[in-house]
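Only one structure is covered here, and it is reproduced in the block below.
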Amino acid sequence: MSDQPIPSPIPNGGIDPATGPVVLNIQFTKDLSFEVPGAPEIYLTLREAPRMDIALDVQARRLQEGQETYEISLQIRADAKTADGKTAFIAELVYCGIFTLNGVPNEMLEPVLLVECPRLLFPFARNILADVTRDGGFPPVLLAPIDFVQLWQSRRGQSSANMPIANA
């Protein structure tokens, strides 16, 4: 028997499936904030689940010129208000991933960065937000699945002067 590894064939000169076209190198919480401005009174007076306003944004930026490594950040803000308009809590999360793209064509760069990469990060960010709100003494905020294709397409429809699509 030989101690040398058996090379795995890559048909038609394709990309090695072990690396693939999109590689998630690392994911991390870049910023997390949870505030309860009316504590402790809010816990005594809150009788029903607060009204929730959720804002979500996706940003992409190349980490080093000439390299195909990008930081993708999911920015989520949850504002909870009582029926009389008082702030119950504010949760803000910036959850990031460092991705390497291998052989992704230029015309596919934007949808990969702003749709596929955030799809990989979202379940982890969703879990962190649910945990922090539950640990803060409120019902967990369970975000519904996000249609990143629709989010990307709606941003493309806006004027680039109003909102940058990506910094890639």
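Numbering-wise (the working numbering), the sequence shown opens with residue -13 and increments by one.
Beta carbons are placed, not taken as given, at the ideal position from N, Cα and C, and that holds for glycine.
Is leucine 60 helix, strand or coil when you go by DSSP? Taking the sequence shown and counting its residues from 1, one reaches residue 60 at position 74. Strand.
Please work out which residues of its chain come closer than 8 Å, Cβ to Cβ, to leucine 49, disregarding the five sequence neighbours upstream and downstream, and give them in chain order. Here residue 49 is taken as the residue at index 63 of the sequence shown, counted from 1. If the five residues before and after leucine 49 are omitted, its C-beta is found closer than 8 Å to the C-beta atoms of Thr55, Tyr56, Glu57, Ile84, all from its own chain and listed in chain order.
Own chain, CB closer than 6 Å to valine 80, minus 5 neighbours either side, in chain order: Translated into the one-based positions of the sequence shown, residue 80 becomes position 94. Contacts found: Lys16, Asp17, Ser59, Gln61.
Tell me the rounded alpha-carbon separation between alanine 25 and phenylalanine 108. Within the sequence shown, residue 25 is the residue found at index 39, counting from 1. Within the sequence shown, residue 108 is the residue found at index 122, counting from 1. Answer to the nearest angstrom: the Cα atoms are 29 Å apart.
Return the chain-ordered list of same chain residues with a C-beta closer than 8 Å to the C-beta of proline 117, the five sequence neighbours on each side being excluded. Residue mapping note: residue 117 aligns to position 131 of the sequence shown, counting from 1. Looking at the sequence shown, residue 117 is not proline but aspartate. So the qualifying residues of the chain are Pro126.
What did DSSP end up calling alanine 111 once you bin it into helix, strand or coil? By one-based count along the sequence shown, residue 111 stands at place 125. Of the three classes helix, strand and coil, the one that applies to alanine 111 here is helix, per DSSP.
Continuous alpha helix (DSSP H) stretch holding isoleucine 28: start and end: As a position in the sequence shown, residue 28 is number 42, starting the count at 1. 27 to 31 is the span of the alpha helix (DSSP H), which, as asked, contains isoleucine 28.
DSSP-derived helix/strand/coil call for glycine 83: For the purposes of this step, residue 83 is identified with residue 97 of the sequence shown, where counting begins at 1. Residue state, collapsed to three classes: strand.
Bridge partners of threonine 55, per DSSP? Here residue 55 corresponds to residue number 69 of the sequence shown, with the count starting at 1. DSSP lists Thr86 as partners of threonine 55.
Taking a contact to mean a Cβ-Cβ separation below 8 Å, would you say threonine 119 touches alanine 77 in this structure? Working through the sequence shown from its first residue, we reach residue 119 at position 133. Working through the sequence shown from its first residue, we reach residue 77 at position 91. Yes, these two residues count as a Cβ contact at 8 Å.
Sequence-distant residues of the same chain with beta carbon closer than 7 Å to aspartate 110, five excluded per side: Taking the sequence shown and counting its residues from 1, the one referred to as residue 110 is at position 124. The question names aspartate, but residue 110 in the sequence shown is phenylalanine. Excluding positions up to five away in sequence, the list reads Gln13, Tyr81.
Any idea which residues DSSP pairs phenylalanine 75 with across the strands? Indexing the sequence shown from 1 puts residue 75 at position 89. Partner(s): Ala66.
So which of Gly6, Pro131, Arg142 has the shortest CA-CA distance to asparagine 113? One-based indexing of the sequence shown puts residue 113 at position 127. When only C-alpha atoms are compared, the closest one is Pro131.
DSSP puts alanine 41 in a beta bridge; with which residues? Here the question's residue 41 lines up with position 55 in the sequence shown. The secondary-structure analysis by DSSP pairs alanine 41 across a beta bridge with Arg63.
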